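Working notes, structure below.
Residue numbers (our numbering): 311 to 480.
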């Protein structure tokens, strides 16, 4: 049973060099987009499970066209300075029209993502990948995002699939 959360898995899909933009955040990223510099691939990510101590998170990863990631960076950069490798945009614009334009352009870019193709287990901040696997089409109906309506309590069994404990012993 994995208990060493600092040990990074050998990834076949993701490099150690990536830029992340989190759109939702709850003690760490919950959803957003990322660009992996080592593989030159972009992804939309959504948290689908986490352990009780919130140190291990499970994300559904959907391929995103690289130009879509760049469009998101471009539109957000017009109104706030970009940050790297982790950016949590504020979306706090004084003009509602600007807010709607930014949200619409961001949503349009995110909508170009393909279906979920990988599940990854990460450290709280997403900077360390602990495990990964590709996803078969039959797995997709069981993937549900953790969000404020679920109280961030997903019991889809994703942690257990990777042999992580939901309530790790201290």
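No residue lacks a Cβ here, since even glycine has one placed at the ideal position from N, Cα and C. Here the structure is a predicted model, which is why all the values come from computation and not from measurement.
message: Beta-carbon within less than 6 Å of residue 396's beta-carbon, same chain only, minus the 5 sequence neighbours each way: which residues are those?
response: Hits under 6 Å: 330.
message: Short of 6 Å in beta carbon distance, which residues of its chain neighbour residue 435, apart from the five on each side in sequence? Order them along the chain.
response: Within the same chain, 338 come within 6 Å of residue 435 by CB-CB distance, once the 5 residues on both sides are set aside.
field: alpha helix (DSSP H) segments (min. 4 residues) lying fully within the region 354-405
entry: Under the rule that a run must span 4 or more residues, the alpha helix (DSSP H) segments found entirely inside the region 354-405 read 376-387.
- prompt: How many angstroms separate the CA atom of residue 420 from the CA atom of residue 473?
  reply: About 31 Å.
query: What do you reckon, are the CB atoms on residue 333 and residue 422 nearer than 9 Å?
result: For the pair residue 333 and residue 422, the CB atoms are not nearer than the 9 Å cut-off.
query: Which of helix, strand or coil does DSSP assign to residue 442?
result: Per DSSP, reduced to three states, the secondary structure at residue 442 is strand.
- request: Please look up how many angstroms separate the CB atoms of residue 475 and residue 361, rounded, as I've assumed it's under 8 Å.
  value: That belief holds up - the Cβ atoms of residue 475 and residue 361 are roughly 7 Å apart, short of 8 Å.
task: Excluding the 5 residues preceding and the 5 following residue 341 in the sequence, name in chain order all residues of the same chain whose CB lies nearer than 6 Å to its CB.
output: Closer than 6 Å at Cβ, skipping near neighbours: 333, 334, 356.
message: With a threshold of 7 Å on Cβ separation, who are the neighbours of residue 328 within its own chain once the five nearest residues in sequence on each side are excluded?
response: Correct list, in chain order: 344, 345, 346, 347, 395.
- prompt: Would DSSP call residue 453 helix, strand or coil?
  reply: Under the three-state reduction of DSSP output, residue 453 falls in the coil class, being neither helix nor strand.
- request: Would you tell me roughly how many angstroms separate the C-alpha atoms of residue 389 and residue 380, rounded to the nearest one?
  value: Taking the straight line from one Cα to the other gives about 15 Å.
message: Distance check for residue 398 and residue 404, CA to CA, integer angstroms please.
response: The straight-line gap from Cα to Cα measures roughly 18 Å.
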